Amino acid sequence: MPKSLLDHAYDYLCSKPQSVSFAEMWDYIKNAAGLTEEQAADKVSHLYTNLMLDGRFVTLGENQWDLRVRHTFDKVHIDMKDVYSDVETVDDDLEDEEDEKEYNSAFEEEKPVSEDGDEEVSGEDTDGEPGEDEIL
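Residue numbers for the sequence shown follow my numbering, beginning at 16 and rising by one.
As structure tokens, this is what we get:
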């Protein structure tokens, strides 16, 4: 049974003493797997996604990859506080309101207007009771 591209990546990184660039690793993998240029173009994005999802691999930034077992948690952990901020700015709130209004405007219906210019409320008289022509 032929090796998967992830297994080729794992073997390659095991043979290297330090991290390698994705381009260097990909050159090795496509040659080891015997991929044509067309096959390689179809599979490169799948491999990259699989590397991100596979727990054996870690990206070190600048498109450098290595085996996770070679790095401490502190070196490869991304603190989500650095990624997301609890503080929203006033501009964020205004943009959110504008986006919400734009979104909701597509769902708003124009209400029918009576001859005297008031909005009609179907099925109700002005006293709030059901009209004579309505069946309860």
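Glycine is no exception: its CB is placed at the ideal position from the N, C-alpha and C atoms.
Every value quoted in this text rests on a predicted model; they were computed, and no experiment measured them.
Enclosing beta strand (DSSP E) for residue i [first to last residue]
i      : result
Thr-74 : 72–74
Asp-81 : 79–82
Chain-order list of residues whose beta-carbon lies under 8 Å from that of residue i (same chain, five-residue window excluded)
i      : result
Tyr-27 : Val-35, Met-40, Tyr-43, Ile-44 and Ala-47
His-86 : Val-73 and Leu-75
Arg-83 : Gly-70, Arg-71, Phe-72, Val-73 and Val-91
The alpha helix (DSSP H) enclosing residue i, as first and last residue numbers
i      : result
Met-67 : 52–68
Ala-24 : 20–29
Contacts around residue i, its chain only, beta-carbon distance under 6 Å, and the 5 residues preceding and following it disregarded
i       : result
Leu-66  : Phe-72
Lys-116 : none
Beta bridge counterpart(s) of residue i as assigned by DSSP
i      : result
Ser-36 : Gln-79
Supposed close pair residue i, residue j - CB separation, criterion 8 Å
i      : j      : result
Tyr-63 : Phe-37 : 7 Å
Leu-75 : Asp-81 : 6 Å
Residues near residue i in its chain [Cβ-Cβ closer than 7 Å; skip 5 each side]
i      : result
Ala-55 : Lys-45
Lys-58 : Leu-20 and Leu-50
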